[in-house]
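Chemist: Have a look at the structure that comes next, please.
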Amino acid sequence: MNLAEYYAALTELMKNGGEVSSLQKVFVGMYKAFVEGGRWKLYLDGVVSTVEVTAMALILGIVLGVVVAVVRTAHDQQRPGRHNPVLTVLNAICKVYTTVIRGTPMMVQLLIMGFVVFSKSREFTLVGTLTLGINSGAYVAEIFRGGLMSVDPGQNEAGRSLGLNYLDTMRFIVVPQAFKNVLPALGNEFITLFKDTALINIIGGKELVYAAKAVGSKTYDVMYPYLGIAVIYLVMVMLFSWLQGKLERRLRQSDRR
Amino acid sequence: MIDVKHLSKSFGDHLVLDDISEHIAPGEKVVIIGPSGSGKSTFLRCLNLLETPTKGSITFQGTELTDPKVDIDQMRRQMGMVFQHFNLFPNMTIRKNITLAPVRTKLMDQTQADDLATTLLRRVGLEEKADAYPNQLSGGQKQRIAIVRALAMQPKVMLFDEPTSALDPEMVGEVLEVMKQLAEEGMTMVVVTHEMGFAREVGSRVLFMDGGHILEQNTPAEFFSNPKEERTKSFLSKVL
Chain A
6 MNLAEYYAAL
16 TELMKNGGEV
26 SSLQKVFVGM
36 YKAFVEGGRW
46 KLYLDGVVST
56 VEVTAMALIL
66 GIVLGVVVAV
76 VRTAHDQQRP
86 GRHNPVLTVL
96 NAICKVYTTV
106 IRGTPMMVQL
116 LIMGFVVFSK
126 SREFTLVGTL
136 TLGINSGAYV
146 AEIFRGGLMS
156 VDPGQNEAGR
166 SLGLNYLDTM
176 RFIVVPQAFK
186 NVLPALGNEF
196 ITLFKDTALI
206 NIIGGKELVY
216 AAKAVGSKTY
226 DVMYPYLGIA
236 VIYLVMVMLF
246 SWLQGKLERR
256 LRQSDRR
Chain B
8 MIDVKHLSKS
18 FGDHLVLDDI
28 SEHIAPGEKV
38 VIIGPSGSGK
48 STFLRCLNLL
58 ETPTKGSITF
68 QGTELTDPKV
78 DIDQMRRQMG
88 MVFQHFNLFP
98 NMTIRKNITL
108 APVRTKLMDQ
118 TQADDLATTL
128 LRRVGLEEKA
138 DAYPNQLSGG
148 QKQRIAIVRA
158 LAMQPKVMLF
168 DEPTSALDPE
178 MVGEVLEVMK
188 QLAEEGMTMV
198 VVTHEMGFAR
208 EVGSRVLFMD
218 GGHILEQNTP
228 AEFFSNPKEE
238 RTKSFLSKVL
């Protein structure tokens, strides 16, 4: 007897009020939540879309974060007595951005973006991704600012003394070194972001939670879908942490090169 | 070549340079010595505006560097600088360290820069290190590379900020040798150092700084055999 037949037999038995063991109940619940009607495909789609959302939000977050961090550091590192008015304006914008984003809950940002700013849009997942990216950018900016400040000032001086301008010095000398210093913190940000993707479900984004909810409303049993996605999140986070550890060890080795 | 007028620099309330005026002529090898905290490094760093002077002016080949409208990057390209802690870029190979600035500033294209790097590396005996990373080199090698990196911009003057102070004693010689070579080729040099032997042998003029002033200056022969100021005498008696 294969699993499908076993499941059919057990459900038939339960419908008729027959006695089943608790182990058999668990089997039925899990089969119903993950296998029956090819439901595992929903979860798989959910995982893929969660990873996609995370990746896109992370890229947006890093781009925004680096720009904000460079603007703020550039503003703070101006030669005394020289104030670039453009930089002053940009710096003010960046400051407002980090303050607002870091000072309001992620959930509220999603609600505002989903139901106020883009209330006409049907691209829920995309709006969610955008919001996550903007949110992440504010945190990445702070991580990166710390990274930029951790690079020996002598590196900047060496670049400038060769006649490189500020942006080239940043681009070729300071930022690559800062990037290496902030990788552990960026890894943590990635994991946070990965878990936060669950929130975009509130504005109708399609990802792993969406899959679990869809299954739950079909089977009138949310326990197994929710426990199931918790395990999926956990396993993936553990996988990321392991990869992150490996990457860091590799980078440390190159330091001793 | 470099004209310093009434240069003052203070960090907060602390006055590091007090109204210094000095002229450096083309081809001169000016050696600046003095006790620590005398302002000699700050003075050197003011020359290419790594430190912004609080007061006074610095003119390089007729251009006033302290004028806020001056393109300081353009001016720095003509002034090489060598640091105490080398400050090589650890994220690039030696070749890239040397060619980055000349290529990015459009002084030459990558092929020309690579050729120049090879030539310069051969001169300091480090040709085979072109593809190594800075962390694989000894201090003396790093400093020779740092000199090469500055020279790749074909500067008109070279500023040395205690180039041998962070080196193991046995590596000092190889770096001084390169600097001596450079001096013989007629490069204008301003050197802050504690190497009295180098000052005596290579310098065309010695400045003694203390407390933010240039207390005394003379030709090396005169300076070392016949110091005039009390402070100079006591300093020399301790270091010689």
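One line per chain: the protein sequences are A and B, in this order. Under this note's numbering, the first sequence has 131 at position 126, and the numbering climbs by one with no breaks. Under this note's numbering, the second sequence has 199 at position 192, and the numbering climbs by one with no breaks. Cβ coordinates follow ideal geometry from the N, Cα and C atoms, glycine included. All figures in this text were calculated on a predicted structure; none of them were measured in a lab.
(1) If you follow the alpha helix (DSSP H) that Thr-118 of chain B is part of, which residue opens it and which one closes it?
(2) Anything in chain A within Cβ reach of Arg-84 of chain B, meaning under 8 Å, just list it in chain order.
(3) Would you call Phe-67 of chain B buried or exposed, if buried means 16 or more other Cβ atoms sit within 10 Å of its Cβ?
(4) Confirm, please, whether the CB-CB distance from Ile-117 of chain A to Gly-142 of chain A is below 9 Å.
(5) Buried or exposed: Thr-239 of chain B, going by 16 or more other Cβ atoms within 10 Å of its Cβ?
(6) Got a sec: is the Cβ-Cβ distance from Arg-262 of chain A to anything in chain B below 9 Å?
(7) Which residue's Cα is closest to the Cα of Ala-206 of chain B: B:Asp-121, B:Thr-226, B:Ala-32, B:Arg-52?
(8) Go to Asp-201 of chain A, then tell me how far its alpha helix (DSSP H) extends in each direction, as first and last residue.
(9) Report yes or no: do three or more beta-carbon pairs, one from the segment 113 to 133 of chain B and one from the segment 198 to 210 of chain A, lie closer than 8 Å?
(10) Taking the runs of the alpha helix (DSSP H) that are 4 residues or longer, which of them lie wholly in the segment 117 to 200 of chain B?
(11) Using only the alpha-carbon positions, how far apart do Gly-233 of chain A and Asn-21 of chain A sit?
(12) Hey, quick one: how far does the alpha helix (DSSP H) through Val-72 of chain A stretch, first residue to last?
(13) Could you please give the first and the last residue of the uninterrupted alpha helix (DSSP H) stretch that includes Gly-159 of chain A?
(14) Which ranges would you report for the beta strand (DSSP E) in the segment 20 to 91 of chain B if only whole runs of at least 3 residues count?
(15) Could you tell me which chain A residues have their CB closer than 7 Å to the CB of Ala-108 of chain B, listed as they occur along the chain?
(16) 9 Å is my cut-off, CB to CB: does Phe-149 of chain A come that close to chain B?
(17) Would you call the segment 205 to 223 of chain A in contact with the segment 47 to 61 of chain A, where contact means no fewer than 3 C-beta pairs closer than 8 Å?
(18) When Cβ atoms are compared, which residues of the segment 172 to 188 of chain A fall closer than 7 Å to chain B?
(19) For chain B, check one thing: does any of its Cβ atoms lie closer than 9 Å to the Cβ of Gln-160 of chain A?
(20) How should Ala-235 of chain A be labelled, buried or exposed, when 16 other C-beta atoms within 10 angstroms of its C-beta is the threshold for buried?
(21) Roughly how many angstroms lie between the CA atoms of Thr-171 of chain B and Pro-109 of chain B, to the nearest whole one?
(22) Between which two residues does the beta strand (DSSP E) containing Asp-226 of chain A stretch?
(23) Leaving out five residues before and five after Thr-130 of chain A in sequence, what residues of the same chain have Cβ atoms less than 6 Å from its Cβ?
(24) My output table needs one value for Leu-137 of chain A: the three-state DSSP class, helix, strand or coil.
(25) Please tell me whether Asp-50 of chain A has its Cβ less than 9 Å away from any Cβ of chain B.
(26) Measuring only the C-alpha atoms, how far is Ala-62 of chain A from Gly-133 of chain A?
(27) Is the CB-CB distance between Ile-31 of chain B and Ile-9 of chain B below 9 Å?
(28) Whole angstroms are fine: how far does the CA of Ala-157 of chain B sit from the CA of Val-37 of chain B?
(29) Measuring only the C-alpha atoms, how far is Leu-252 of chain A from Phe-195 of chain A?
(30) Can you name, in chain order, every residue of its own chain whose Cβ lies under 7 Å from the Cβ of Ala-139 of chain B, other than the five neighbours on each side?
(31) So, does the CB of Ala-217 of chain A fall closer than 9 Å to a CB anywhere in chain B?
(32) Report the option in B:Asp-168, B:Leu-22, B:Lys-47, B:Met-178 whose CA atom is closest to the CA atom of Ile-221 of chain B.
(33) CB Lys-16 of chain B to CB Lys-62 of chain B, shorter than 9 Å?
(34) State the CB to CB distance for the pair Leu-153 of chain A and Thr-78 of chain A, rounded to an integer number of angstroms; the pair is presumed to be in contact (CB under 8 Å).
(35) Taking the alpha-carbon positions, what's the Val-25 of chain A to Tyr-238 of chain A distance?
(36) Inspect the beta-carbon positions of Gln-160 of chain A and Val-179 of chain A and report whether they are closer than 9 Å.
Modeler: According to the structure data:
(1) 117 to 130
(2) Leu-167, Gly-168
(3) buried
(4) no
(5) buried
(6) Low per-residue confidence applies at Arg-262 of chain A: pLDDT is 49, beneath 50, and the placement is therefore not dependable, though the value from the model is reported in the following sentence. Chain B, which has a Cβ nearer than 9 Å to the Cβ of Arg-262 of chain A, makes this yes.
(7) For Ala-206 of chain B, the nearest C-alpha among the options comes from B:Thr-226.
(8) 180 to 201
(9) no
(10) If we require 4 residues or more, the alpha helix (DSSP H) runs fully inside the segment 117 to 200 of chain B come out as 117 to 130, 146 to 158, 176 to 191.
(11) 28 Å
(12) 45 to 81
(13) Counting along the chain, the unbroken alpha helix (DSSP H) around Gly-159 of chain A starts and ends at 158 to 166.
(14) Qualifying beta strand (DSSP E) stretches, in chain order: 21 to 31, 36 to 40, 62 to 67, 86 to 89.
(15) Here the neighbours are Leu-167, Gly-168, Leu-169.
(16) no
(17) yes
(18) Those residues of the segment 172 to 188 of chain A that come within reach of chain B (Cβ to Cβ, closer than 7 Å) are Asp-173, Phe-177, Ile-178, Pro-181, Gln-182.
(19) yes
(20) Its Cβ having fewer than 16 others within 10 Å, Ala-235 of chain A is exposed.
(21) 25 Å
(22) Note, Asp-226 of chain A: premise wrong, no beta strand (DSSP E); not H, not E.
(23) Gly-210, Lys-211
(24) helix
(25) no
(26) 9 Å
(27) yes
(28) 18 Å
(29) 14 Å
(30) Excluding positions up to five away in sequence, the list reads Thr-100, Ile-101.
(31) no
(32) Put simply, of B:Asp-168, B:Leu-22, B:Lys-47, B:Met-178 the residue whose alpha carbon is nearest the alpha carbon of Ile-221 of chain B is B:Lys-47.
(33) Yes, Cβ-Cβ distance for Lys-16 of chain B and Lys-62 of chain B is below 9 Å.
(34) 5 Å
(35) 31 Å
(36) yes
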